[in-house]
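Each residue of the sequence shown is one higher than the one before, counting from 1 in UniProt numbering. Each residue gets a CB set at the ideal place from its N, CA and C atoms; glycine is no exception. Model, not experiment: these values are computed from the prediction. Reviewing the structure listed below.
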Amino acid sequence: MNLGLKWSQIKAVSGVAHGSRAFSGPIRVNLKLTNRCNLRCIHCFLRSPLLKNSVFKTGKEVEIMKSPLRHAETLEKLKPQDADTDHFIKCIDELFRMGTRQYKFTGGDPFLHKDFLKLASRAKSSGASCFANTSGTLLNPDLADELIMMGFDDIRITTMAGTPDVYAATHPGTKKKIFQTLQKNLEYIKKKKAALKIKKPKITLAFVIVRQNCQDIMSFAEFAVKMGVEAAQYRALAYNLNNRFSSIEPTADQISSIKKRLEEAGRFLNSNGIQHDISDFFKIFSGKRDTSSLYRHIPCYAGWTWIYIEPDGNIHPCCASALSLGNASKRTLKEIWNGSAYQAFRKKAISINKKKRTVQGCACDDCGNFISNIKIYRKIHPLKAGKYEFRQLRPQKY
């Protein structure tokens, strides 16, 4: 493990013990490079075709903050927004000085940013690890070679499918050949890594379970093995946006079969040495993502582990929060990180399991950061995490 990362983790635990202060910078930064994307995935709270006739702000703000919708902000009129390269380079450098050693590039699709490689190279040249969350449709051999050459660490590709037919069904307007192109590029990376005898970048495939793809759960696992990836993740539908996504939520009959399909897929992935998190998936799955029961048992550590930077510099504590804690174009990240707003957030987040009260502005009942919090909880409280009650934790609606 990177010694700088290990030291940051030790300091983060000290901050958790304090309850509101941070004795180092965030362990991980989520750099949202752009709000642009070349797809309209059926489950996306920003670009799903299911939202095409609704006025638009952002899914997080509408659902979490209950804020009013501004007229004329339809998806079609959403102004494209890319992060300023020079400003984000300054953010990368400042965060590294603060002790941050994990850089996550997201969007939209981060590969759409014209200077993605420049920004990633900046982080890698400092000795940090880099992660990208993408549809993978913009991958090609040239980009793959660049990522391999710089030692890029981890690419998570959301496919939603293991077959071309289901891929088309979960990506409206996309042709089946896009899935086939993605498959060719994954095969290229697999062969290239084998030829060079290297393990990076680690490839993780992600599958968000909806009504239209739950029959493809096993096919997705088989596809992951065929592509030689290192990990496969199953995810629950999030951000239902006042039932606007009810048409893609798994039906009651489907929910009863999903568990069996996942257990079968888990055994298959285990037998092929593919990492997965199916056991933790069951802790939050009730047809859609439901973390309400989870956070009655564990706290949120995001105030010490994460910082989320929007293209315009706005700061959130994580991807599941619409709470604004400052703007990196107006104040230094160190000032924001150690400021009163962040300290107040930490104090509330670390006590949500004890006070049984969510943090206003955060999607604590629909948290996309739950896996990270579970991992930290297991490290800090191994005995509690090993108890049957926690291992068998399920949502109340399960």
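> Are Arg394 and Phe281 close, meaning C-beta to C-beta below 8 Å?
Replying inline: The Cβ-Cβ distance between Arg394 and Phe281 does not fall below 8 Å.
> Which value, in whole angstroms, describes the spacing of the CA atoms of Phe56 and Ser321?
Replying inline: Reliability of the predicted coordinates at Phe56 is poor, the pLDDT of 41 falling under 50, and no value is obtained from them.
> Among the residues of its own chain, which have a CB less than 7 Å from the CB of residue 401, if the five just before and after it don't count?
Replying inline: Summary: the structure shown does not reach residue 401, with the chain confined to residues 1 through 398, and so no result is reported for it.
>> In the DSSP assignment, the alpha helix (DSSP H) including Thr170 goes from what residue to what residue?
In response: Pro164 to Thr170 is the extent of the alpha helix (DSSP H) around Thr170.
> Can you list, in chain order, the stretches of the beta strand (DSSP E) that have 3 or more residues and sit fully within the segment 197-270?
Replying inline: Within the segment 197-270, the complete beta strand (DSSP E) runs of at least 3 residues are 202-209 and 231-236.
> Per DSSP, Phe105 forms a beta bridge with which residues?
Replying inline: Leu31 and Ala132
> Excluding sequence positions up to five away, which residues of its chain have a Cβ less than 8 Å from the Cβ of Phe268?
Replying inline: Hits under 8 Å: Met218, Ala221, Glu222 and Val225.
> Is Asn270 buried or exposed, if buried means 16 or more other CB atoms sit within 10 Å of its CB?
Replying inline: exposed
> Tyr308 lies in the beta strand (DSSP E); which residues open and close that run?
Replying inline: Trp306 to Ile309
> Shortest alpha-carbon distance to Ile274 belongs to which of Ala232, Gln212, Ala123 and Gln9?
Replying inline: Ala232
>> If contact is defined by three or more beta carbon pairs under 8 Å, each pair taking one atom from either stretch, is the segment 335-343 in contact with the segment 190-206?
In response: no
> What is the DSSP secondary structure of Cys362, reduced to helix, strand or coil?
Replying inline: strand
>> What does the alpha-carbon distance come out to for the pair Phe105 and Gly173?
In response: Rounded to the nearest angstrom, the gap between the Cα atoms of Phe105 and Gly173 is 26 Å.
> Nearest-angstrom Cα distance between Ile278 and Lys387?
Replying inline: If I take the Cα positions, the gap works out to 18 Å.
> How close, in whole Å, do the beta carbons of Ile42 and Thr170 come, if the pair is a contact with beta carbons under 8 Å?
Replying inline: 5 Å
> Can you tell me whether DSSP reads Asp154 as helix, strand or coil?
Replying inline: strand
>> Here's the rule I'm using: 16 or more other beta-carbon atoms within 10 Å means buried, otherwise exposed. How should Gly151 be labelled?
In response: Gly151 is exposed by the Cβ-count criterion.
> Between which two residues does the beta strand (DSSP E) harbouring Asn314 extend?
Replying inline: In the DSSP assignment, Asn314 falls within the unbroken beta strand (DSSP E) covering Asn314 to His316.
> By how many angstroms is the C-alpha of Pro382 removed from the C-alpha of Gln343?
Replying inline: Using only the alpha carbons, I get a separation of about 26 Å.
> Taking all protein chains shown into account, do 16 or more other C-beta atoms lie within 10 angstroms of the C-beta of Leu369, making it buried, or fewer, making it exposed?
Replying inline: Correcting the residue type first, residue 369 is Asn in the shown sequence and not Leu. Classification for Asn369: buried.
>> Just to confirm before moving on: does the CB-CB distance between Asp82 and Pro311 stay below 8 Å?
In response: yes
> Out of curiosity, what's the CA-to-CA distance linking residue 403 and Gln215?
Replying inline: No statement about residue 403 is possible, as the shown extent of the chain runs from 1 to 398 and does not include it.
> What is the DSSP secondary structure of Gln275, counted as helix, strand or coil?
Replying inline: DSSP places Gln275 in strand when its eight states are reduced to three.
> Using 8 Å as the Cβ pair cut-off and three pairs as the minimum, do the segment 106-117 and the segment 133-153 touch?
Replying inline: yes
> So, helix, strand or coil for Asn185, using DSSP?
Replying inline: helix
>> Tell me which residues share the same chain as Ala17 and place their Cβ nearer than 7 Å to its Cβ, disregarding the 5 neighbours each side in the sequence.
In response: none
>> Using 8 Å for Cβ pairs, my map puts Asn30 next to Tyr308. What's the rounded Cβ distance?
In response: 4 Å
> Contact check, Lys116 vs Met160 under 8 Å by CB: the rounded distance?
Replying inline: Looking at the sequence provided, one finds Phe at residue 116 rather than Lys. The beta-carbon distance between Phe116 and Met160, rounded to whole angstroms, is 23 Å. This is too long to meet the 8 Å contact definition.
> With which residues is Phe285 paired in a DSSP beta bridge?
Replying inline: Arg289
> Which of helix, strand or coil does DSSP assign to Asn140?
Replying inline: coil
> Taking just the CA atoms, how far does Gly228 sit from Pro187?
Replying inline: According to the sequence shown, residue 187 is Glu rather than Pro. Cα-Cα distance, rounded: 8 Å.
> Helix, strand or coil: which one does DSSP assign to Asn353?
Replying inline: helix
> Who does Gly326 pair with in a DSSP beta bridge?
Replying inline: Residue pairing by DSSP places Gly326 opposite Ile315 in a beta bridge.
>> To the nearest angstrom, how far is the alpha carbon of Lys175 from that of Phe45?
In response: A direct Cα-Cα distance of roughly 21 Å separates Lys175 from Phe45.
> Which stretch, first to last residue, makes up the alpha helix (DSSP H) that contains Phe160?
Replying inline: In the sequence as displayed, the identity of residue 160 is Met instead of Phe. Met160 -> no alpha helix (DSSP H), and no H or E assigned at all.
> Taking the alpha-carbon positions, what's the Arg289 to Ala195 distance?
Replying inline: 40 Å
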